[in-house]
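Engineer:
Protein chains: 2
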Amino acid sequence: MSEYEGAFDRMLKLAVVLNEDMNHGLTQLGLTQSRAHVLWELHHKGPTTQRVLADVIRVSARNITGLVDALVATGFVTRQPHPTDRRAVLVTLTEHGTKTADAMDREHQELARVLFSGMPAVQFDCFVEGLDKVLVELQDRVVASIP
Amino acid sequence: MSEYEGAFDRMLKLAVVLNEDMNHGLTQLGLTQSRAHVLWELHHKGPTTQRVLADVIRVSARNITGLVDALVATGFVTRQPHPTDRRAVLVTLTEHGTKTADAMDREHQELARVLFSGMPAVQFDCFVEGLDKVLVELQDRVVASIP
DNA sequence: TATTGTTATACTCTATAACTATA
DNA sequence: TATAGTTATAGAGTATAACAATA
């Protein structure tokens with residue numbers, strides 16, 4: 006049974022290293038993970054209310070207020086009036102915010118390339134297939150254990 | 006080039022799900038990730054000074070003071086006098102702390118089993134080999150980019 | 001003089017609850 | 001009455017810097 010543990014530990018280690026690498030990249034860009042998450046959503050959704058951001062990122066409205074405050078202060082986004090609902094604001098990327106999101110996108114692709122280039126096709130396919138199995142297994146397990 | 010991206014995104018998603026699952030388990034045990042990390046080191050090293058804990062976990066001495074305060078308050082560890090150095094304290098697992106660390110160990114093994122059982126041997130081997138390659142690649146990349 | 005740990009201070013992410021303005 | 005966002009308050013993790021006691 007314990008033959009699995011080595012692979013599992015490698016997986017955890019990979020997650021840690023990946024996370025450190027990502028944080029390092031974000032720091033270079035003047036971002037934290039949470040703020041980058043907001044930027045990412047805005048990049049994909051376009052101008053968005055804070056309510057929607059809170060829902061998709063799954064944090065409190067209060068927290069979004071703070072994150073948007075920080076992103077405004079550092080020049081990544083602005084708050085624009087909502088055209089039809091005067092209670093709401095539309096959080097909108099500045100030019101700097103857009104450029105930064107593009108840079109994140111490029112780094113994301115670059116990292117994927119660096120990671121998997123040099124892996125032979127057969128092995129790559131096995132790896133991907135294994136990943137899929139693991140994800141399905143784990144999601145089942147999580148769903149079963151969390152409610 | 007972009008055939009890699011799907012696999013990479015799966016990997017990131019797996020890391021996220023894994024992290025959520027782990028946090029859920031830790032909450033059940035009355036721990037946070039940072040406190041669990043301290044517990045884990047104590048479990049493997051035995052009674053340890055705060056200075057050493059700060060070094061292995063790579064956080065400030067101030068932070069260790071806070072984490073140990075919290076673990077003392079919640080009954081996982083005690084501070085014992087160091088036998089030869091009166092400046093230092095030995096952070097020591099209580100019985101509850103030891104039992105909790107054992108439980109973490111069991112859950113760790115159980116999760117590995119659940120994840121990989123049902124994966125055919127050939128596929129498992131490919132997966133593990135792929136993981137190794139990826140880890141080596143990524144560590145090279147991180148080492149190259151971080152200094 | 002160097003080291004261990006604490007106190008002081010500050011920043012980030014997170015939450016709940018009370019409140020304002022608007023729907 | 002319900003919703004969008006803010007203010008108030010609190011707790012966790014993180015850091016640096018100044019300081020105490022001890023080596």
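Protein chains in written order, with my numbering: chain A, 6 to 152; chain B, 6 to 152.
Backbone N, C-alpha and C fix where the C-beta goes; we use that ideal spot for every residue, glycine too.
1) Do the CB positions of leucine 143 of chain B and aspartate 26 of chain A come within less than 8 Å of each other?
2) Quick one: any contact between the region 126-144 of chain A and the region 125-133 of chain B, if contact means 3 or more CB pairs under 8 Å?
3) Nearest-angstrom Cα distance between arginine 111 of chain A and threonine 54 of chain A?
4) Between which residues of its own chain and valine 77 of chain A is the CB-CB distance below 8 Å, once the five residues before and five after are set aside?
5) Let me know the secondary structure DSSP gives threonine 79 of chain A once reduced to three states.
6) Taking 8 Å as the CB-CB cut-off, is glycine 123 of chain B touching chain A?
7) Leaving out five residues on either side along the sequence, give the residues of the same chain with a beta carbon under 7 Å from the beta carbon of glycine 35 of chain B.
8) If you measure from the beta carbon of methionine 16 of chain B to each beta carbon in chain A, is any gap under 8 Å?
9) Between histidine 87 of chain A and arginine 63 of chain B, what straight-line distance do the alpha-carbon atoms span, to the nearest angstrom?
10) Please tell me whether valine 133 of chain B has its Cβ less than 8 Å away from any Cβ of chain A.
11) Quick check: what's the CA-CA separation for valine 57 of chain B versus glutamate 100 of chain B?
12) Quick check: the Cα distance between histidine 42 of chain A and threonine 103 of chain B, rounded to an integer number of angstroms?
13) Could you work out which residue in A/Leu72, A/Arg91, A/Phe81, A/Leu31 is closest to histidine 48 of chain A when comparing CA atoms only?
14) Which runs of the beta strand (DSSP E) at least 3 residues long sit entirely within the region 43-126 of chain A? Give them in chain order.
Structural biologist: On the basis of the data shown:
1) yes
2) yes
3) 26 Å
4) Thr83, Arg84
5) coil
6) yes
7) So the list reads Thr79, once near-sequence residues are dropped.
8) Yes, methionine 16 of chain B counts as interfacial toward chain A.
9) Spanning the two alpha carbons is a distance of roughly 45 Å.
10) yes
11) In a straight line, the C-alpha of valine 57 of chain B is about 22 Å away from that of glutamate 100 of chain B.
12) Rounded to whole angstroms, histidine 42 of chain A to threonine 103 of chain B spans 37 Å at the Cα level.
13) A/Phe81
14) 82-86, 94-98
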